[in-house]
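Quick note on numbering: the sequence shown equals residues 1 to 203 in this note's numbering. C-beta: ideal position from N, C-alpha, C; glycine also. Keep in mind the model is a prediction, meaning the values are calculated, not measured. See below for the structure under consideration.
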Amino acid sequence: MKRKLARFMFVAAVLLSQAAVAAEAACFVPKGFGVSPVDKERLNSLSVSRTLWLGAALKGENDGEQVLIGGLFDRPFVPLGEAEGLVGSYRCRTIKMGGGLPFVVYGWFSCEIFTEEAALVIRKTSGSQRFLGVLVPAGEGYAYKGALSYGYESVSKLYGEDPERNQVGCLSATGDGPDHLVLEMPAPRFESVHDVIEMLRTR
Numbered sequence: 001m002k003r004k005l006a007r008f009m010f011v012a013a014v015l016l017s018q019a020a021v022a023a024e025a026a027c028f029v030p031k032g033f034g035v036s037p038v039d040k041e042r043l044n045s046l047s048v049s050r051t052l053w054l055g056a057a058l059k060g061e062n063d064g065e066q067v068l069i070g071g072l073f074d075r076p077f078v079p080l081g082e083a084e085g086l087v088g089s090y091r092c093r094t095i096k097m098g099g100g101l102p103f104v105v106y107g108w109f110s111c112e113i114f115t116e117e118a119a120l121v122i123r124k125t126s127g128s129q130r131f132l133g134v135l136v137p138a139g140e141g142y143a144y145k146g147a148l149s150y151g152y153e154s155v156s157k158l159y160g161e162d163p164e165r166n167q168v169g170c171l172s173a174t175g176d177g178p179d180h181l182v183l184e185m186p187a188p189r190f191e192s193v194h195d196v197i198e199m200l201r202t203r
């Protein structure tokens with residue numbers, strides 16, 4: 001009974017905190033972002049998708065994974081600064097909610113953020129599922145549009161080449177600061193209902 005009460009209190013605290021996150025740091029769709037109406041709606045629904053994801057994930061029975069997920073959202077996000085401050089290499093892992101299991105936490109892989117001409121680019125460079133896209137300032141975070149690719153493909157997909165591969169999302173800094181980021185992708189096309197890419201700077 002005590003354990004159930006403690007679990008309930010933990011879930012309630014995280015959900016209340018993430019409500020502040022949604023109010024203060026949700027990305028908007030930047031002017032001229034160039035996404036389809038469907039993807040614009042996906043990005044606009046991020047806070048709803050996040051709430052549903054957290055509510056389901058935090059009801060699970062694995063205390064360790066609950067703490068992991070709750071730790072990403074138990075404090076309001078902090079504003080991200082200039083693009084140059086994001087450039088670097090990161091460890092990254094994917095957390096998927098929905099599909100066959102309530103949620104799945106994958107292992108660590110490699111991601112990077114870099115500039116190319118006038119664009120700020122984010123790329124997952126290892127693992128069976130990868131992505132490549134651009135980041136644009138939007139509110140206190142950065143809006144993301146990109147595309148899913150697979151490790152066996154020699155050329156990365158770009159947004160718009162295949163609607164089934166299109167991705168949109170929001171990059172934010174956790175309460176730990178700008179070296180600990182989360183890229184949220186609401187309503188992904190495959191496998192889940194909300195994806196979170198946790199990113200830890202390595203250099």
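Residue j and residue i - do their beta-carbons sit closer together than 7 Å?
| i | j | result |
| --- | --- | --- |
| ARG42 | VAL155 | no |
| ALA119 | VAL104 | no |
| GLY141 | LEU52 | no |
| PHE114 | GLY127 | no |
| ALA147 | VAL136 | no |
| GLU112 | SER149 | no |
Hey, residue i and residue j are a contact pair by Cβ (cut 8 Å); roughly how many whole angstroms apart?
| i | j | result |
| --- | --- | --- |
| MET97 | SER192 | 6 Å |
| PHE77 | THR202 | Not a contact, Cβ separation roughly 21 Å. |
| PHE73 | LEU54 | 6 Å |
| HIS194 | SER49 | 5 Å |
| ILE197 | CYS92 | 5 Å |
| PRO102 | ALA138 | Contact doesn't hold; Cβ gap of about 29 Å is too wide. |
| PRO178 | GLY85 | 6 Å |
| THR125 | TYR106 | In fact, because the Cβ distance is near 15 Å, the residues do not count as touching under 8 Å. |
| LEU226 | HIS180 | There is simply no residue 226 to check, as the chain begins at 1 and stops at 203 in what is shown. |
| ARG130 | GLY151 | 6 Å |
Looking at the strands, I want to know which residues DSSP matches up with residue i.
| i | result |
| --- | --- |
| SER172 | VAL182 |
| ASP162 | Looking at the DSSP assignment, ASP162 forms no beta bridge with any residue, so it has no partner. |
| ILE197 | THR94, LEU183 |
| GLN66 | For GLN66, which the question treats as bridged, DSSP gives no partner whatsoever. |
Entirely enclosed beta strand (DSSP E) segments - the segment 73–159, minimum 3 residues: Entirely contained in the segment 73–159, the beta strand (DSSP E) runs reaching 3 residues are, in chain order, 88–98, 101–105, 109–116, 119–124, 129–138, 141–150.
Segment contact flag, the segment 176–191 with the segment 37–52, C-beta cutoff 8 Å, min 3 pairs: Verdict: yes, contact present.
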